[in-house]
Amino acid sequence: FLLNVPKKVFWQNATYGMDVENFMAAVKSGSISSRLAGKSGIEGALQRLYYAIAENRPWSVILLVLVVLALGVGLASCIVPGDDLRPPYNREVANAAVAE
560 FLLNVPKKVF
570 WQNATYGMDV
580 ENFMAAVKSG
590 SISSRLAGKS
600 GIEGALQRLY
610 YAIAENRPWS
620 VILLVLVVLA
630 LGVGLASCIV
640 PGDDLRPPYN
650 REVANAAVAE
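Position in the sequence shown (from 1) plus 559 gives the number in the numbering used here.
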């Protein structure tokens with residue numbers, strides 16, 4: 560069993576037993592294929608995202624907060640119509656009453 564921790568890659572083959580020299584030669588020649596350690600699919604993507612955020616703190620947290628705020632403002636601007644945000648004296652109903 561050979562493990563590359565920073566890249567999260569491992570090589571494993573039980574046929575070599577305790578023969579480390581031949582195992583390393585087989586890894587170098589490519590006859591033993593490498594595999595990724597960790598989860599795959601959505602869980603793996605979330606795990607990699609978590610580790611990326613943890614490794615690049617505090618900048619990643621600041622970026623994450625800015626992205627969440629931008630998404631919140633964008634969502635709020637899509638949900639709330641613009642006319643409801645104006646004060647009552649600017650609405651069309653108030654203007655029609657004053658014009659009469």
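The beta carbon of each residue, even a glycine, is placed where N, CA and C say it ideally should be. Note that this is a predicted model, so its numbers are computed, not measured.
Considering residue i, what are the terminal residues of the beta strand (DSSP E) in which it resides?
i, result
"residue 735", "Because the chain spans 560 through 659 in this model, residue 735 falls outside it and cannot be assessed."
With a threshold of 8 Å on Cβ separation, who are the neighbours of residue i within its own chain once the five nearest residues in sequence on each side are excluded?
i, result
"residue 572", "582, 585, 591"
What is the DSSP secondary structure of residue i, reduced to helix, strand or coil?
i, result
"residue 607", "helix"
Checking 8 Å against the spacing of the C-beta atoms, do residue i and residue j come in under that value?
i, j, result
"residue 611", "residue 619", "yes"
Assuming residue i is part of the alpha helix (DSSP H), what are its boundary residues?
i, result
"residue 635", "618-638"
Between which residues of its own chain and residue i is the CB-CB distance below 7 Å, once the five residues before and five after are set aside?
i, result
"residue 626", "none"
Short of 6 Å in beta carbon distance, which residues of its chain neighbour residue i, apart from the five on each side in sequence? Order them along the chain.
i, result
"residue 607", "none"
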